[in-house]
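Per mature numbering (1 follows the signal peptide of the UniProt record, and there is no 0), the sequence shown runs over residues -28 to -1, 1 to 194.
Here is the structure we will look at.
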Amino acid sequence: MSMGTCYTRCSIILLCISSLLQIGLVHSRLGYASERLIKKTPPVWPPQLTALLLQNRGGNLSDTTLAYDLSNGRNLNIIKDRQTGLTLWDNERANGSTYYYHKAPEAESCQALNMHVGILKPDWLAGARYKGTEDVNGHLCDVWAQSSSLHHPFVTYFADVQTERPWRWIFFDGAIFDVLEWTPGGTLEDEAWQLPAYCFEKDRKDFSSDGQVQQSEDVAQM
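Shown next as structure tokens:
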């Protein structure tokens, strides 16, 4: 066998080995990606957190402070509308009562609604469908779609692939919430949670989730 023939055959063998190794590597990576996809589980919130959100509803922007406090059975959204300058307080309690109110000097108004739901559990994304990854403001995020009992996604949730810190969520009505700050373990002073006295006035009309008028003292029970 000539040197040239040997060299050619060796080159072919090495090329075949290299190709097989490349194919094996690709399959390994695909297998890893597939395994990673299967093993993905939705993020779980801590029992207490605060966050600063930019809320966009069809171009109407609001700065929102979120305080989630499962330990004390309460959740608070303080929503400042950039256009009107008004601040809406959305104060939710574990018994299903939600209070929407403005504070003086802006206004003294309060409406209570009984949603019969209570506070979100930390694993409220359990069962969400994994939709892959997407870039959100320069952050690579896992994308989760959580559906209602009718299997229609009511929220799409974007969480950092490494830290699971959320960067955005989008509700079914198109409302976009960009998460500017996220502080696990954060909380607000008790004063921020205090309901105004006029939320308990006897002549105030409150509404249940089906629109029925009910007594204010029933809704106000903690």
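Don't be surprised by glycine CBs; every beta carbon is placed ideally from N, CA and C.
For clarity, every value in this text was computed on a predicted model and none was experimentally measured.
Is it right to say residue i is buried, meaning 16 or more other beta carbons lie within 10 angstroms of its own, or is it exposed?
i	result
Asp114	buried
Leu2	In this prediction, Leu2 scores a pLDDT of 47, lower than 50, which makes its location untrustworthy; no coordinate-derived value is stated.
Phe79	According to the sequence shown, residue 79 is Ala rather than Phe. Looking at its Cβ environment, which holds fewer than 16 other Cβ atoms inside 10 Å, Ala79 is exposed.
Pro18	exposed
Ser69	buried
Asn109	exposed
Starting from the C-beta of residue i, find all residues in its chain whose C-beta is less than 7 Å away, skip the five residues before and the five after it, and write them out in chain order.
i	result
Tyr71	Asn63, Cys82, Ala84, Leu167, Cys171
Thr159	Gln20, Thr22, Ala39, Asp41
Asp132	His111, Cys113, Trp139
Leu24	Thr37, Leu152, Glu153
For residue i, which of the options has the nearest alpha-carbon?
i	options	result
residue 209	Gly31, Ile50, Ser34	Residue 209 is absent from the model: the chain starts at -28 and stops at 194.
Leu60	Asn67, Thr37, Ser43	Thr37
Val151	Ser34, Lys11, Pro94, Gly30	Ser34
Gly31	Asp162, Pro156, Gly68, Ala147	Ala147
Ile91	Gln27, Leu58, Asn47	Asn47
Lys52	Ala98, Asn28, Gly45, Asn44	Asn28
Arg65	Asp145, Phe143, Ser43, Thr155	Ser43
Can you give me the start and stop residues for the beta strand (DSSP E) that residue i sits inside?
i	result
Ala131	125 to 132
Ala39	32 to 41
Identify the residues that DSSP records as bridge partners of residue i: which are they?
i	result
Phe149	Gln27, Trp141
Tyr71	Asn63, Ala84
Pro107	Checking the sequence, you will find Asp at residue 107 rather than Pro. Looking at the DSSP assignment, Asp107 forms a beta bridge with Leu112.
Lys52	Asp35, Thr59
Identify the continuous alpha helix (DSSP H) that holds residue i and give its terminal residues.
i	result
Trp116	Element bounds for Trp116: not the alpha helix (DSSP H) but the beta strand (DSSP E), 111 to 119.
Asp162	162 to 165
Output needed for residue i: all residues of its chain with C-beta closer than 8 Å, excluding positions within five of it in sequence on either side, in chain order.
i	result
Ala100	Pro14, Trp116, Ala117, Gln118, Ser119, Tyr129
Gly157	Pro18, Gln20, Leu21
Residues in the same chain with beta-carbon distance under 6 Å from residue i, minus the five sequence neighbours each way, listed in chain order, please.
i	result
Trp141	Val127, Tyr129, Phe149
His74	Ser81
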